Amino acid sequence: MSQNSNTQLQNNSQKPPRKKIYFFRKVVKDIKRVRWPSAKTNWHNMIKIIVFTILFTLFVYGVSIGFTHLWSILGSTPTN
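The letter at position 77 of the sequence shown is residue 94 when you use my numbering, and the numbering goes up by one with no holes.
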């Protein structure tokens, strides 16, 4: 009986074989499948982003100036 329990302990202490996961190989394979945009498309998108950023900055600046002007008309000044 002690030999049987000893065998069970040995069987339980052995780790089952691990299934290998090739994560980085899968990542490289997926990157190769991606259809990357052309240089022309990248330039167009970059110009769109820069124009949007400038317009949004001007909009926020205009709203800020507008509220500052409104507060000065109402007699209160914004605090720093």
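Here a beta-carbon is modelled for each residue, glycine too, at the ideal position from N, C-alpha and C. These figures come from a predicted structure and were not determined experimentally.
message: At 4 residues or longer, what runs of the alpha helix (DSSP H) sit wholly inside the segment 50-95?
response: 56-91
query: Nearest-angstrom Cα distance between residue 80 and residue 71?
result: 14 Å
task: Measure the alpha-carbon distance for residue 76 versus residue 86 and round it to whole angstroms.
output: 15 Å
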